[in-house]
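Chemist: So the number in the numbering used here is just where the residue sits in the sequence shown, counting from 1, plus 66.
What follows is a structure written as structure tokens; I'll ask about it next.
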Amino acid sequence: IGAYRSALFHLITHALSKALLFLGAGSVIHLVEKVVGYSPKRSQNMFFMGGLRKYMPITGTTFLTGTLSL
Numbered sequence: 067i068g069a070y071r072s073a074l075f076h077l078i079t080h081a082l083s084k085a086l087l088f089l090g091a092g093s094v095i096h097l098v099e100k101v102v103g104y105s106p107k108r109s110q111n112m113f114f115m116g117g118l119r120k121y122m123p124i125t126g127t128t129f130l131t132g133t134l135s136l
């Protein structure tokens, strides 16, 4: 295929998978914010984010896809 095409393919897939992970993180923060209220110290605290795959199965799948694609 060629080194340039392979490098460009890797660059694009890496950027898309990183974007997928950041969008998933924003989705989780948005959900936790509804539960605990608006507070940067509480809505982004990992203690309140346990078991989210049960409540957000699509986001859990996107996290798994983004992680495996990196």
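Cβ atoms here follow ideal geometry from the backbone N, Cα and C, with glycine treated the same way.
From a predicted model like this one, the values you see are computed outputs, not experimental measurements.
Smallest Cα separation from S135: which of Y104, K84, A91?
Modeler: Closest option to S135, Cα to Cα, is K84.
Chemist: Measure from the alpha carbon of F129 to the alpha carbon of each residue in L86, H96, L74, A69, then state which is nearest.
Modeler: The residue with the shortest Cα to Cα distance from F129 is L86.
Chemist: Please list, in chain order, all residues of the same chain as S93 whose beta carbon is under 6 Å from its beta carbon, the five residues on each side excluded.
Modeler: Within the same chain, S93 has close Cβ partners T125.
Chemist: Three-state secondary structure (DSSP) at M122?
Modeler: M122: coil per DSSP, three-state reduction.
Chemist: So, M115 versus V98, is the Cβ gap smaller than 8 Å?
Modeler: Yes, they are a contact pair.
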